[in-house]
Amino acid sequence: MVEDAKNAGVGYVAYTSFPKASESDNWLAADHKLTEKLLKESGLKHSFLRNNWYLENEMTFLAPSPANRIYWANNFAGWAPESEYAAAAVKVLTSDDPKEVCEFAGPKRSYQDLAAALNVATGEEAAAK
Numbered sequence: 030m031v032e033d034a035k036n037a038g039v040g041y042v043a044y045t046s047f048p049k050a051s052e053s054d055n056w057l058a059a060d061h062k063l064t065e066k067l068l069k070e071s072g073l074k075h076s077f078l079r080n081n082w083y084l085e086n087e088m089t090f091l092a093p094s095p096a097n098r099i100y101w102a103n104n105f106a107g108w109a110p111e112s113e114y115a116a117a118a119v120k121v122l123t124s125d126d127p128k129e130v131c132e133f134a135g136p137k138r139s140y141q142d143l144a145a146a147l148n149v150a151t152g153e154e155a156a157a158k
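Using my numbering, read the sequence shown as starting at 30 and increasing by one per residue.
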């Protein structure tokens, strides 16, 4: 992708990356870490849009069937809807001087917090274990 962008004469790349990609040991970060490195080395003007977890990724957990409302996770995420990440990207893309690294996230919450919010919002039981 990086070489293709250079060869096509692209002047600026806004790359959607992974949260704290340069320091993350999460297996999902590996490709993003490499792409960021290649972009830095390429000389192309760039920004890394490091989006945290999309709320839409949890749609199975948010599904209407109570049988699907047990989520086996003991982690935290900075959920935000994709539309909020898109709005943040627009601000970067329309900036006169965009930052190189933009860490985007909602408030850090646990899966237990998500289950509790679902219980309140739907009146049905959801659980995270």
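Just so you know, even glycine gets a beta-carbon here, dropped at the ideal spot from N, CA and C. Note that this is a predicted model, so its numbers are computed, not measured.
Can you tell me whether S112 is buried or exposed, with buried defined as 16 or more other CB within 10 angstroms of its CB?
exposed
What's the call for Y41, buried or exposed, on a 16-neighbour Cβ count within 10 Å?
exposed
What first and last residue would you give for the beta strand (DSSP E) that runs through K49?
Per DSSP, K49 belongs to no beta strand (DSSP E) and is neither H nor E.
V39 by DSSP, collapsed to three states: which one?
coil
Assigned secondary structure, S124 (DSSP; H/G/I helix, E/B strand, else coil):
coil
How about G135 and N80: are their beta carbons less than 8 Å apart?
no
Taking N86 as the reference, give the member of E65, G72, P110 and T64 with the closest Cα.
P110
Which residues DSSP lists as bridging E129, in chain order
Answer by DSSP bridge pairing: none, since E129 is not bridged.
Output the boundary residues of the beta strand (DSSP E) element that contains L78.
K74 to N80
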